[in-house]
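Residues 9 to 442 (the working numbering) make up the sequence shown, in order.
Cβ atoms here follow ideal geometry from the backbone N, Cα and C, with glycine treated the same way.
First comes the structure, then the notes that go with it.
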Amino acid sequence: MPANEHGGEPTVAVWQALRRRPLRFLVSGWPWRCWAYLLSGTLLGFVLLLTLAVLLFLGLGLSVVGLGVLLLATAAVLGVPVGAVERRRLRWIDPTPLHDPHGSLTGVSALAWFRTRLRERSTWRELAYTVLLATVVTSVGLGFAALLGLSVLLTVAPVIVWAVAPDTVMLAPGDPISDPAAALPGTAIGLLGLTMCAYVGGLLVGLEVRAAWSLLSARDEDLRSRVIELTRSRARLVDAFEAERRRIERDLHDGAQQQLVALTMTLGLAELELRGGDSPAAELVSRARGEARRALDQLRDLVRGIHPQVLTDHGLAAAVAEVALRNPIPVTVDIELPQRLPAAVESMAYFSVTEALTNASKHSGASQISVVGRVDGDRFVLLVTDDGRGGADPAAGAGLRGLADRLAIQKGRLIVSSPTGGPTQLRVEVPCSA
9 MPANEHGGEP TVAVWQALRR RPLRFLVSGW PWRCWAYLLS GTLLGFVLLL
59 TLAVLLFLGL GLSVVGLGVL LLATAAVLGV PVGAVERRRL RWIDPTPLHD
109 PHGSLTGVSA LAWFRTRLRE RSTWRELAYT VLLATVVTSV GLGFAALLGL
159 SVLLTVAPVI VWAVAPDTVM LAPGDPISDP AAALPGTAIG LLGLTMCAYV
209 GGLLVGLEVR AAWSLLSARD EDLRSRVIEL TRSRARLVDA FEAERRRIER
259 DLHDGAQQQL VALTMTLGLA ELELRGGDSP AAELVSRARG EARRALDQLR
309 DLVRGIHPQV LTDHGLAAAV AEVALRNPIP VTVDIELPQR LPAAVESMAY
359 FSVTEALTNA SKHSGASQIS VVGRVDGDRF VLLVTDDGRG GADPAAGAGL
409 RGLADRLAIQ KGRLIVSSPT GGPTQLRVEV PCSA
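Here it is, written out as structure tokens:
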């Protein structure tokens, strides 16, 4: 249920307006909004009452042939669209937003949608609200509409007397009114009735708001289930990314890389055949062989950048040591692990190091970089420190921000300390169970 700004019991806006300034309430826009809300709710409730009656009658009658089950299931989930409409309609008279308790089911089949919704508790709470709207709210709304209509007629009674033949306007049986002034007592009674309708309408609307907060808002268990589903979908995305990465690595290693090796060997044989002759093709073949070698080296670097084989074969410490040897700035590596980390943690830590080393080489102006890795409890902690000029801002570029996003997928976090003048330290923490 929504809470007020002080964290206590929520305050209904219309009740607050009634309590603070009851006289000003009458001349404000609140009565009109309350009346519109009550009358529209009565109309909607009447339609829902007919719809539920038809679905239940046909569902029970056709249950023997199987079609009735579908109709009964439709009646059960009828509260889902009704809840969505009511959460929007509630904004007419109360600024407190109600969050949708349901998770998104975009792209799923109708059968999967029904199964998921029928398993959610919020669906049954919305069905209870729909039944309440169709019965209690509709009944009360009809009585309120009758009182409001009678009060309006009595208020405009002099106008009716003036516009209609006198003999046809009667306030009581056998008591015709021929003078509009004689209908002024009816106007007084009508104004009193409108005043009562204003206050009663505010009270009734407040009760509906309370019922909507209780039955239509997202509860803690709804939010927890959505967090669990988000966590599962996030894990599926990580697994899908890892599978796609391995496929690309395999295709490059077994396909394009082998073809370039074969091309280099073929060009080498052609160069041997043409060596010693005066043909100008010898120089072109030699140049083509050199280009093929450079393309092969670039492809090997690309494959190593996607996922180095040394990381798979020998673990994180060996892979980081290899990266450190190729870095233009001297790097000291101190990674001690009691055992091999999970593959996802190793991969994330490796790419964190490569991103940190790339940023330091391009922007820091450092002369020395250190990489330290330890297992602290159930988390792997990685520290990358350089003695550069500092001033690194994760929000200024896509590199560190993208790294932080990737760490968040595995419930990790990135802490950057980079005061002006240095040093800069990146602290990466990844759960070992990621």
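Same chain only: Cβ atoms within 7 Å of residue i, ignoring 5 sequence neighbours per side
i           : result
residue 201 : 155, 158, 159, 162
residue 275 : 293, 296, 297, 300
residue 430 : 395, 396, 397, 398
residue 213 : 22, 42, 45, 46, 101
residue 98  : 106, 217, 220
residue 31  : none
residue 321 : none
residue 192 : 166
residue 197 : 162
residue 128 : 110
residue 146 : 50, 53, 54, 57
residue 204 : none
residue 199 : 163
8 Å Cβ shell around residue i - same chain, five flanking residues per side excluded
i           : result
residue 103 : 21
residue 137 : 87, 90, 91, 94, 219, 220, 223, 224
residue 126 : 81, 84, 85
residue 28  : none
residue 195 : 162, 163, 164, 165, 166
Sequence-distant residues of the same chain with beta carbon closer than 6 Å to residue i, five excluded per side
i           : result
residue 290 : 282
residue 206 : 34, 39
residue 427 : 398
residue 278 : 293
residue 26  : 33, 210
residue 280 : none
residue 24  : none
residue 376 : 338, 395
residue 133 : 223
For residue i, the residue or residues it bridges with in DSSP
i           : result
residue 388 : 383, 438
residue 433 : 393, 425
residue 378 : 340, 393
Cβ-Cβ distance between residue i and residue j below 8 Å
i           : j           : result
residue 398 : residue 432 : yes
residue 94  : residue 226 : no
residue 153 : residue 56  : no
residue 353 : residue 388 : yes
residue 400 : residue 380 : no
residue 83  : residue 67  : yes
residue 509 : residue 408 : Residue 509 cannot be examined here, being either before or after the span of the chain that is shown, 9 to 442.
residue 324 : residue 357 : yes
residue 50  : residue 149 : yes
residue 369 : residue 337 : yes
residue 392 : residue 345 : no
residue 272 : residue 307 : no
residue 71  : residue 77  : yes
residue 131 : residue 113 : no
residue 364 : residue 434 : yes
Cβ distance (whole Å) where residue i is taken to contact residue j below 8 Å
i           : j           : result
residue 327 : residue 318 : 5 Å
residue 210 : residue 141 : Contact doesn't hold; Cβ gap of about 19 Å is too wide.
residue 439 : residue 410 : Their Cβ separation, rounded to whole angstroms, is 20 Å, which puts residue 439 and residue 410 out of contact at 8 Å.
Any chain D beta carbon closer than 8 Å to residue i
i          : result
residue 49 : Although the question refers to chain D, the structure presented lacks it and comprises just one protein chain.
Exercise for the section: Please specify which runs of the alpha helix (DSSP H), each continuous and at least 4 residues long, are wholly inside the region 279-367, giving them in chain order. Expected result: 289-314, 317-322, 324-334, 351-367
Exercise for the section: Kindly provide the ranges of any alpha helix (DSSP H) runs that are 4 or more residues long and lie completely inside the region 115-151, ordered along the chain. Expected result: 118-127, 129-140
Exercise for the section: Give, in chain order, every unbroken run of the beta strand (DSSP E) that is at least 3 residues long and sits entirely within the region 73-109. Expected result: none
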